[in-house]
Every structure is written in structure tokens, then in C-alpha cells.
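Under the UniProt record's numbering, the first residue of the sequence shown is numbered 1, with each subsequent residue one higher.
Have a look at the structure below before the remarks.
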Amino acid sequence: MGLPYDYGIDLWSVAVTLYEIFTGKIMFPGKSNNQMLKFMMDLKGKYANKVIRRAEFRTQHFDENCNFMYHEVDKVTQRDKITILPVIKASRDLTSELIGEQNVDREGYKQIESFRSLLDQMTMLDPTKRVTCNEAAKHPFIVEPL
Numbered sequence: 001m002g003l004p005y006d007y008g009i010d011l012w013s014v015a016v017t018l019y020e021i022f023t024g025k026i027m028f029p030g031k032s033n034n035q036m037l038k039f040m041m042d043l044k045g046k047y048a049n050k051v052i053r054r055a056e057f058r059t060q061h062f063d064e065n066c067n068f069m070y071h072e073v074d075k076v077t078q079r080d081k082i083t084i085l086p087v088i089k090a091s092r093d094l095t096s097e098l099i100g101e102q103n104v105d106r107e108g109y110k111q112i113e114s115f116r117s118l119l120d121q122m123t124m125l126d127p128t129k130r131v132t133c134n135e136a137a138k139h140p141f142i143v144e145p146l
């Protein structure tokens, strides 16, 4: 989106890597920046308007009212089309994705929930609300014994 980089982007990268190691799947398997943004919002919900307005490349992905402009290929005509998505609600369940096909007991579920909590904090869409390195190091998933 063209937001300034800081250490928060490193935490985002760590979270995505941990997810991929744990599940064996790519967290956001988009083929374009626009599709990646859609996958991110499918997991986290819509970006806050204040974040969108700060983004350097916002006009490529959002209209003047901060509605997401989803770029896709029409299945019938095979032409590029833009679908305006004014509301995007989180539609993915991170806990379910982490559990996958595993049968987990109560303790395993508790550990997965703790892991989900850490990943959730590391992938906040608003970089100013993302957990810091020091905060992540103190998260229960990190400090509590397994």
C-alpha cells in the first residue's frame, strides 16, 4: 500500500513465516498486490480509513471513499474488471486454519489459541497497533512453557 516501513513489518514477516511453518500453507497466497490486500482483509477485516488515507498507493486499491477496488478477471468475458467492496468483514478463522486436520486436546487447543493470539497481534493491519518486538517477546505463547 505504500506505508512507511518500520520494525512492525519485520514482525509481520515473522508471523507469516511462523504460520507457513506451522500449517505448511501460505498465509496470503495472492498473485498481485491487490489480491494480497484482499486476502489480508479476508483474515483481518477492512483497513481503517486513516490507514488507507496514509498509503502512498491507495488510489490503486481504494476509491475516494476508502472502498476497496478488487481487481479480477471476469469469468465469462475474460476481461479485467473492478468490483467495489465497501464492506469487507473477516471471513477466515485463524484458529481453524491452525488446527487444520489435527485432533487436539484441551491443552493443545489452549496452545493453538495462544499462538493465534500472537499471530493476530503481529498481523494487525494498522502498523501503529501492531505488537512491538519487546511486547511479542513477553507474549504468553513465548514465555509460558509448553
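For each residue, glycine too, the CB sits at the ideal point set by N, CA and C.
Are the C-beta of Ser-114 and some C-beta of chain D separated by less than 8 Å? Checking the listed chains, one finds no chain D in this structure; it contains a single protein chain.
If you reduce the DSSP assignment to three classes, tell me which class Tyr-109 lands in. helix
- With which residues is Leu-85 paired in a DSSP beta bridge? Phe-68
May I ask which residues mark the beginning and end of the alpha helix (DSSP H) holding Ser-96?
94-99
Practice task
In angstroms with no decimal places, state the Cα-to-Cα distance between Ile-99 and Glu-20.
Solution key: 13 Å
DSSP has Val-73 in a bridge; who is on the other side?
DSSP lists Asp-80 as partners of Val-73.
Count the other C-beta atoms from every protein chain shown that fall within 10 angstroms of the C-beta of Gly-8, then say buried if there are 16 or more, exposed otherwise.
buried
field: Exposed unless 16 or more other CB atoms sit within 10 angstroms - verdict on Arg-92
entry: Around the beta carbon of Arg-92, fewer than 16 other beta carbons lie within 10 angstroms, which makes this residue exposed.
Residue range of the alpha helix (DSSP H) that includes Tyr-7:
7-23
Please say whether Ala-15 and Thr-128 have beta carbons closer to each other than 8 Å?
-> no
Check: alpha helix (DSSP H) containing Arg-58: first to last residue?
Finding: DSSP places Arg-58 in the uninterrupted alpha helix (DSSP H) bounded by 58-61.
Query raised in the report: Taking three-plus beta-carbon pairs below 8 Å as touching, is the stretch 31-44 in contact with the stretch 79-90?
Result: yes
For this session: Can you have a look at Ile-112 and say buried or exposed, based on whether 16 or more other CB atoms are within 10 angstroms of its CB?
Result: buried
Find out if the Cβ-Cβ distance for the pair Gln-133, Leu-11 is shorter than 8 Å.
A small fix is needed here, since residue 133 is Cys in this sequence, not Gln. The answer is yes: Cβ separation under 8 Å.
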